[in-house]
Structure formats: structure tokens, C-alpha cells
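If you use numbering that gives the first Met the number 0, the sequence shown corresponds to residues 0 to 176, in order.
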Amino acid sequence: MESRTRLILDRETLARRVAELGAQLSRDYRGLDPVFVGILKGAFIFLADLVRALEFPVEVDFVRAASYGAGTESSGVIRVTKEVELPLAGRHVLLVEDIVDMGLTLDFLRRHLAAKEPASLKICCLIDKRERRQVEVPLDYVGFVVPGGFLVGYGLDCGEKLRTLPEVYAVDTGGGD
Ligand code: 5GP
Ligand code: MG
Numbered sequence: 000m001e002s003r004t005r006l007i008l009d010r011e012t013l014a015r016r017v018a019e020l021g022a023q024l025s026r027d028y029r030g031l032d033p034v035f036v037g038i039l040k041g042a043f044i045f046l047a048d049l050v051r052a053l054e055f056p057v058e059v060d061f062v063r064a065a066s067y068g069a070g071t072e073s074s075g076v077i078r079v080t081k082e083v084e085l086p087l088a089g090r091h092v093l094l095v096e097d098i099v100d101m102g103l104t105l106d107f108l109r110r111h112l113a114a115k116e117p118a119s120l121k122i123c124c125l126i127d128k129r130e131r132r133q134v135e136v137p138l139d140y141v142g143f144v145v146p147g148g149f150l151v152g153y154g155l156d157c158g159e160k161l162r163t164l165p166e167v168y169a170v171d172t173g174g175g176d
């Protein structure tokens, strides 16, 4: 397969922005004993770096959703495949996502967690890819805004490959998405 990759975010750029987000979250969540909920699988590296950029320890949990239907894109039929395990009622919750594209997954998970009646529920995503947004989801903390393209690395996969790259690349597979 003919494929080209283009560097989008290098290690220094990622580290600098994660440090900034960590400082901002440290100010906003100080004394609130928050729970950071990472969306599997893509957010695991971002979340790991983010919590270590905070000035105090937080509780961490994970949730996972899958979408079903025709094609490789989100179909709108989404269900939780790995539930959050910590009780979230009355807690200050930050949902941590790798990338927001159409917004369907995040909108679904935001409603799913809101139903657990947290004291507050905010969203932090590393990358906001706005071009194909279908559902407006309130993004409280955003690492980077990118126009489009299919991105890999720093947790983002392509068919389970390339997640472990320390930088973010755009993959051009010569057509399609
Ligand atoms: P949605 O379209 O519902 O906003 O995004 C669904 C999921 O698709 C995201 O959580 C993310 O895991 C995945 N996704 C969206 N855009 C990209 C991308 O550019 N690269 C990768 N690897 N995954 C993406
Ligand atoms: Mg994701």
C-alpha cells in the first residue's frame, strides 16, 4: 500500500501544550478532588502525560464505547463496551479524549456520564478536528485545533498500529478518509 505520513505535532510541541493544560487544570481543579476519565483506547497516552503535569494527584478511571453500522465511520449507534468503575455521583469529573471528529462518540459518552449525576462534568480533548463536526459538544479544554486528515501516533491508531509513535502524524493512504 502506498502511504505517506506528514509530521503534525512533534514531541516538544505536544509536551509544551500538555504542560500548559496541566497548569490550567491545576488551577481549575485545586481542592476539588477530581476524577479524570480517559476514553479508551486512544486517550491513554495523553491522559498519562496530563495527570503527571498536574500539581496534585487525581483519581483516574476509563470508559470505552464502540459504534456499529456500515462503513468505518461512527454510525450513530454507539454503546458502552467498558463501563466506568468509580462512583461519579457528586464528583468533579473531567472526560479526557484524544480527538474529536464528528463528535458523536463524545456526545454519547458525555450524556452517559452526566446521567451518573457528577457535581461537574467537563471535557478535555487533545485534538479538535472541526471539519466534519455533526454534533456540537462543549469542549472545555482543547490541546490543538487541526483542520482535518487522518491522524496517528500519541495514542491514535490506524488499525491498532502506530499508537505508540511519540509524535502525531497525518496519514495519507491515497484516497478515502
Ligand atoms: P467522532 O467522529 O465520533 O467524533 O470520533 C470517534 C472516534 O474516532 C474518536 O474518538 C477517535 O478515536 C476516532 N478518530 C476520529 N478521528 C481520528 C483520526 O484522525 N485518527 C484516529 N486514529 N482516530 C480518529
Ligand atoms: Mg477516541
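Yeah, the Cβ is synthetic: ideal placement off N, Cα and C, and Gly gets one too.
For residue j and residue i, the rounded distance between their alpha carbons
i: Asp32; j: Arg3; result: 44 Å
i: Gly21; j: Leu125; result: 12 Å
i: Leu164; j: Ala114; result: 35 Å
i: Leu103; j: Ile122; result: 14 Å
i: Met0; j: Leu120; result: Since pLDDT at Met0 reaches only 48, below the 50 mark, its modelled position is unreliable, and no value is offered.
i: Phe55; j: Asp139; result: 20 Å
i: Ala18; j: Asp48; result: 9 Å
i: Asp106; j: Arg132; result: 11 Å
i: Ile7; j: Val76; result: 31 Å
i: Arg26; j: Val170; result: 36 Å
i: Thr80; j: Leu94; result: 16 Å
i: Val59; j: Arg16; result: 21 Å
i: Tyr67; j: Arg78; result: 8 Å
i: Glu11; j: Val83; result: 32 Å
i: Phe45; j: Gly30; result: 23 Å
heavy atom of the ligand 5GP below 7 Å from residue i C-beta
i: Gly21; result: no
i: Phe55; result: no
i: Gly41; result: yes
i: Cys157; result: yes
i: Asp97; result: yes
Cβ-based neighbour list, residue i, same chain, cut-off 7 Å, excluding 5 preceding and 5 following
i: Ala118; result: Gly89, Arg90 and His91
i: Leu87; result: Val34, Leu112, Lys115 and Pro117
DSSP bridge partner residues for residue i (one or two, in chain order)
i: His91; result: Ser119
i: Ile38; result: Val62
i: Phe149; result: Val170
Beta carbon of residue i nearer than 8 Å to that of residue j
i: Phe61; j: Gly41; result: no
i: Gly147; j: Lys160; result: no
Residues near residue i by beta carbon distance below 6 Å, same chain, minus five either side
i: Val167; result: Ile7, Leu8, Leu150, Gly152 and Tyr153
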